[in-house]
Amino acid sequence: MTVEQPALHQRCHTQPKSAEENYVYAQIKEITGIDDERVIRRAITACQDRDGKYEIENVVTMLLGDDFVNPALKKKSGVTAVPSIVVQEDAATDLKSGTTTVDARPRSTPADRETTTQGTQEAGTQGATARKSDLTNENASGSDQLQKAIVASLQDTQGILGGQVSREEQDISRVLEQSLAESKAGTKRKRGDIWFVDPLNPHERKRQEECPVGLKNVGNTCWFSAVIQSLFHIRRFRHLVLNFHSPNESSQGNGAESRNLRFMTELRYLFGLMIGSHKKYVDPSKAVEILKEAFSSSPSSSGVGESQQDVSEFQHKLLEWLEDAFKADTSCPSSPEQKDSAEGDTNMKKMKNPMVELFYGQYRAEGTNEGKGFSNDETFGQFPLQVNGFRDVHESLEAATAPGVIETISSNTTQTSGQELWFTRLPPVLTFELSRFQFNQQLGRPEKIHNKIEFPQVIYMDRYMCCNKIETRHRREQVKKLREELSILNTKLNKFNHYGSGSKKVPLQDVLSYALEFAQSKPDHISSLPQDVEMESPKPQSDMSMATESSPVKSPGTDVTMTPATPPRPHRTAGVTSSPAPRHITDGELQVLQDCLHRWRTEVEQDVRELQDNINILEDNVNRMYSDEAMQRYPYQLHAVLVHEGQAASGHYWAYIYNTAKDRWLKFNDITVSEASWDELAKESVGGYHNASAYCLMYVDKSQLQQTDLVDIELVGKDLDSLPKDLKESVILDNKKFEEEILDWDSEQARKAAGESVAAAEHKPGASTSTVATQTATVFYPAVHASLSVGDTAEAVASVVDHESFSAKDPEPALVRVIESELKRVEQVVRSLHSKLPMEDPRLQHPVVYLTACRADKRVCHRIMCEQVAYCGLLDTEERYKALKNTALRIDNMSDKSDRDQSLLWHEKYDKFRKLVYWFVQGVRYYNEENYEKAMSYFLHIYEHNQKLLSEFGPEGGLSKKLVSYYRRHCMLKLNNMMAARFQDQDDVTDTLHVMNTQMLPCLQPMTHSSSQEDMSAMEVVREKWCAFLGQEIGARKIEKLQDFMSKLFDPPSETRPPALQTVQMQDLRDLYRQYVNVIDSAVNSGSVEKALECQ
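Every position in the sequence shown, counted from 1, becomes a number in this note's numbering once 970 is added.
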């Protein structure tokens, strides 16, 4: 691309750039990653010719050169300056034009070149310096420059380091380091950033029964969680770590050994917590900090301690540390079964490292090198597999182990080189590392490979074993012959399915069918003038020009006069049919043609069918080549799949781990542990779905690992007694601190609730204190909910005590009458509830109204109505009322535990309903204020929780589904319009697409299953809005981000969650009924309620 920019170096820096210049600068920034416009301007000035024109390619090449970037930038990005000269790769291909482009960076003065030449000559590099001086000689002729450029290009491509590394590889490596350094500095969160904050409520951190423990993300540590969870759930590995014995401090050796032992200590403690902790997740910060120090201090890390680690890199480093740590530990048995027989031969234990036995295998590399045979035994930990060009793991394994032959010709002799790999020993835990990384030379940055590659749940390794070498070679020859036959048949089939000589090819049978349809069709309608028009020969140009002033023409059958702007071309209007059909064909000709086309189509269809059948037979033979019993003696069960979502520079890891006891998969995503199906795992792991794909596959050999060695997740958490004594004490102490935190929280919340309620808790009997503590986990619901209906309760008590015979010595009969009268009143309110909603909502004024509407058990309603009396603060004005209140308190405290638990359960459900209404009030307020982003967060949570209440209790259990759907739908459309406008106007669309990903996608995902026509129409409007951007000219970076978002837009991921809302406090729910009425009144006035109720 050539850009004209005259006198750029003379322009004032404050003068605004044109749109074209902004576009050019944006392109250069995108490719090079350099944001400093002064540096870019300096490179453009250096690349300009006399006319002010320059090539963007030259500017990019100059900017990527180490000589050009100033030292501050190089120091910041971690790039080491290496003197280089870049000759354009296509210099040798421009011989036809007789020109070439040579870029010597930076352009120097003759004095500078002389100094450079002298310095390099003193260093002993006279040839290279002379070549550089000649190439930068501006006085040389064009032919001389061309010749020298070709020579330099040929010399550069010979490579460096004795020919082991090519110049191109060196340049790619340098650009890769720069790109990685920039991405680490700018596009990733640092480890110190806060990724997750512990909830204040400890009950939200409480571990569910029989559920594994998650790991907290302490800042870009999802890679740590994925690997550690996968290894922890192998019982033999877990046993090795838990029973590791650290040697004395005096024998710890150098710093690396000390670091490894410190890490093992923290890993033991972490494993102990993962087994016996009462928490939902535990904090791995101490172990991660040791890793961080190690990665940061590594000379090759380039700041990697502050970035997100690659799973394979971390696992390799972890196993290396564990191997070194177990070299110093001679007391740890390699499996639980060996623990009782740990008094064996000490020398044998020193020779065998349990980590090596568990994770490392061996293969034999056999082949020839320049005609000479060789055979080497190698040890491997993680076996790398390529992804590009392979459909499944077996194809990639075949390519990695099967022989590959290279012929080299030298001195009139031909020599062959090549090798094949055979596994001589497979470890109990076999790990495959999927290479999902490539370097984009055009963009100068690393990219992730999202290609699809399938993997089985059970993989048989027999065909790759050295013991089956002869049989495998024989079968590979058979497969090779079958594939050759398949290739021939597929080529023949392709000629049938892609027929034609042009660019557009269609199946041959379709061509014959179309021809037959054309032959059989007849003109069904003729559109012509009332009479035929005689055709005339085209007139000369002079005659045609005279016809432009012809008189107006009236269209037949109309009164409209049309004056053509240009003379019409001569055409035939008679006999024009509305559909294609043969014009002149006799019945005999038609019959012959039909017979031929029928016969040909039948023959073609038969040939295609036979080819497809033969292909299916051959493919079946290939697939069954290794399916016999002789080739299924080394089965490996898939144990864990480590998944990465994102791009090469950033993303997120999680792990799927198989539970053999329950025959199910579990998804470990940092603190969250959930069940998963194989379909969900495959969707997110094989690749080709959004940006998620497997990076690492972990298989286990059941023949080498006993059934007890594999994960038994249900028992994890019940094995506290099996822990070593020191770990058991540490876990018990941690659990004790957590239980104390829960008790402190409960006491604080009960105190706050009692203080906020109108009822005075100091009047209840002393025995009730313990009852309150056992009734509530966070707040004292009876007192809080009693405050909602104090007026109705006091009125009911007064009517009974004042108007009926009341005995202060026996107030219980009066209490029964109060409760019964209130229950009858509540039932009348519930019967009229349907006619009042949504304009009024009596459920907010009395908890028993909600319970009765939800068809709660009458025993529960009676008990909660008794609580209304027991905690009614207005009954303290007279002794008679107090007597009734104290009786209710006594009855409440005397109830058994099952009744209290049932009441507490319904109190919690009623509290959820009130919080749902509060969310609705807040969402509508933000919607009316046109703050659609905040409103959308509320409507997403409202819809989800409202659906649960409606499904459990029916329409009386939640808010109007139509009303909630209406606000959610309209808020989505308005938010979409706002974000689309931002996307079009802004250059940096990161925040805009973040809103769409966190707000819009969680809204669209449940809509895809909606039966509402309004919801489906709204989704189409949203998608069409964003599809319209594809036809517009926007920047490359915006296009890339847009494509990533649109892949999710048309298939929203099910795991997408909306942003969390702030915790609803008790003071937020005061006057909730009044807040609801005000919001509904505004909705009625705007017509929203009427429109919502009219929706389908």
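Cβ atoms here follow ideal geometry from the backbone N, Cα and C, with glycine treated the same way.
- A distance below 7 angstroms between beta-carbons, with the five flanking residues on each side excluded, links Tyr1937 to the following residues of its chain, in chain order: Gly1893, Val1894, Tyr1897, Phe1909.
- No Cβ-Cβ contact shorter than 8 angstroms links Phe1360 with Thr1401.
- Tyr1628: member of the beta strand (DSSP E) spanning 1621–1629, first to last residue.
- Between Arg1238 and Ile1260 the beta-carbon gap is near 13 angstroms, outside 8 angstroms, which marks them as no contact.
- Note that the C-beta distance between Gly1658 and Lys1422 is below 8 angstroms.
- Classified as buried, Ala1756 has 16 or more neighbouring CB atoms from the shown chains inside 10 Å of its CB.
- Rounded to whole angstroms, the Cβ separation of Ile1834 and Leu1821 is 7 angstroms, and the two are in contact under 8 angstroms.
- Assignment of Tyr1937 by DSSP, reduced to helix, strand and coil, places it in the helix class.
- In this structure, the CA atom of Ser1387 is about 21 angstroms from the CA atom of His1444.
- Scanning its chain for C-beta atoms nearer than 7 angstroms, with the 5 sequence neighbours on each side dropped, one finds around Leu1288 the residues Val1197, in chain order.
- For Asn1213, the closest of Gly1242, Glu1327, Asn1187, Leu1413 by C-alpha to C-alpha distance is Gly1242.
- Counting C-beta atoms within 10 angstroms of its own C-beta, Gly1414 has 16 or more neighbours from the protein chains shown and is therefore classed as buried.
- Residue range 1983–1997 is occupied by the alpha helix (DSSP H) that includes Asp1985.
- When the Cα atoms are used, Asp2021 and Glu1654 turn out to be separated by approximately 13 angstroms.
- A distance below 7 angstroms between beta-carbons, with the five flanking residues on each side excluded, links Tyr1333 to the following residues of its chain, in chain order: Glu1348, Phe1350, Leu1391, Trp1392, Phe1393, Thr1394.
- For Gln1411, the secondary structure class from DSSP, reduced to helix, strand or coil, is coil.
- Under the DSSP definition of a beta bridge, Gly1374 partners with Gln1389.
- Three or more Cβ pairs drawn from the stretch 1879–1890 and the stretch 2039–2057 lie within less than 8 angstroms of each other, which places the two stretches in contact.
- Annotation for Arg1443: the continuous alpha helix (DSSP H) segment containing it runs 1439–1467.
- Each residue's CA atom was taken as its position, placing Ala1652 and Gln2002 some 35 angstroms apart.
- For Phe1638, the three-state secondary structure derived from DSSP is strand.
- Where Arg1829 is concerned, the enclosing alpha helix (DSSP H) starts and stops at 1828–1840.
- Collapsing the DSSP output to three states places Gly1337 in a strand.
- By alpha-carbon distance to Trp1635, the top candidate from Ile1627, Ile1641, Met1977 is Ile1627.
- Assignment of Thr1572 by DSSP, reduced to helix, strand and coil, places it in the helix class.
- The residue from Trp1876, Leu1185, Thr1572, Asn1947 with its alpha-carbon nearest to that of Leu1919 is Trp1876.
- Contact between Ala1619 and Pro1416 holds: CB atoms are separated by about 7 angstroms, below the 8 angstroms threshold.
- Per the coordinates, the alpha-carbon of Lys999 lies some 48 angstroms from the alpha-carbon of Lys1176.
- For Val1476, the number of other beta carbons within 10 angstroms of its own is below 16, and it is reported as exposed.
- In the three-state reduction of the DSSP assignment, Ala1551 falls in the coil class, being assigned neither a helical nor a strand state.
- A direct Cα-to-Cα measurement between Leu1459 and Leu1560 gives close to 35 angstroms.
- In this model, Leu1034 and Gly1022 are separated by some 22 angstroms (Cα to Cα).
- Take the alpha-carbon of Lys1450 and the one of Arg2007: they are about 45 angstroms apart.
- At the C-beta level, Asn1591 and Leu1452 come within 8 angstroms of one another.
- Taking 8 angstroms as the cut-off, the beta carbon of His1420 is found closer than this to the beta carbon of Asn1661.
- Bounds of the beta strand (DSSP E) holding Ser1663 are 1662–1670.
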